[in-house]
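Data first, discussion second: the structure below is written as structure tokens.
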Amino acid sequence: METLSKSELERFKEFITEKYNTLLEELRYREESSIMENQRETGSELSSYANHPAEAASDYANLTMNLNLAERDSKYLVQLEDALDRIEKGTYGICTVCKKLIPMVRLEAVPTTTKCVECKNEAKKREQHEEAKHNAQQ
Ligand SMILES: [Zn+2]
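Letter by letter, the sequence shown follows residues 41 to 178 of the working numbering.
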């Protein structure tokens, strides 16, 4: 089975570690500022929400948006961890479906990918097909 060379793996390790650390720092920073925000909120009058339902609603929308962002980011963090793990094992850059090497350009664009473009498209097509079948049954 063809694999990436040691120097190529090293290069991706550096690249992904950097992405990982940046994201981690950003998440930490966001967490800290939301804790500070909460502390500020606790000091304010509790009844203020009841007087401004519109404000409470927009706060809720903000909160949901932040949670979605955090969820997306933490998923990406896991994917980056996963990629680093695959680098350690030496399986990084190999398509999990057809076991062929994923082209460099694709890895550089999407460093967390586990499939080559063909297999990814194939999986997507199958998904859409399943969905169409499911819709037709309804
Ligand atoms: Zn493939």
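Cβ coordinates follow ideal geometry from the N, Cα and C atoms, glycine included. Small disclaimer: the values here were computed from a predicted structure and weren't measured.
Item: For E71 and P151, the rounded distance between their alpha carbons; Value: 26 angstroms
Item: Contact between the stretch 123-133 and the stretch 97-113 (3+ Cβ pairs under 8 angstroms); Value: no
Item: Contact set for R146: own chain, Cβ-Cβ below 8 angstroms, skip 5 residues either direction; Value: T153, C156, V157
Item: Own chain, CB closer than 6 angstroms to R166, minus 5 neighbours either side, in chain order; Value: none
Item: Beta-carbon proximity check, L107 vs E42, cutoff 7 angstroms; Value: no
Item: V150: CB within 6 angstroms of a non-hydrogen atom of ligand 1; Value: no
Item: Helix, strand or coil at S87 according to DSSP, with G and I counted as helix; Value: Any reading at S87 needs caution, since the residue's pLDDT is 49, under 50, leaving its predicted position unreliable; the model's value is listed next. The answer is coil: DSSP assigns S87 none of H, G, I, E or B.
Item: Length of the line joining the Cα atoms of S114 and E58; Value: 16 angstroms
Item: Per DSSP, the bridge partner or partners of L44; Value: Bridge partners of L44: none, in fact.
Item: Sequence-distant residues of its chain with Cβ nearer than 8 angstroms to L120 (five each side left out); Value: I56, K59, Y60, L63, P151, T152
Item: Which residues DSSP lists as bridging I134, in chain order; Value: L141
Item: Proximity winner among F52, S47, S45, relative to A149 (alpha-carbon distances); Value: F52
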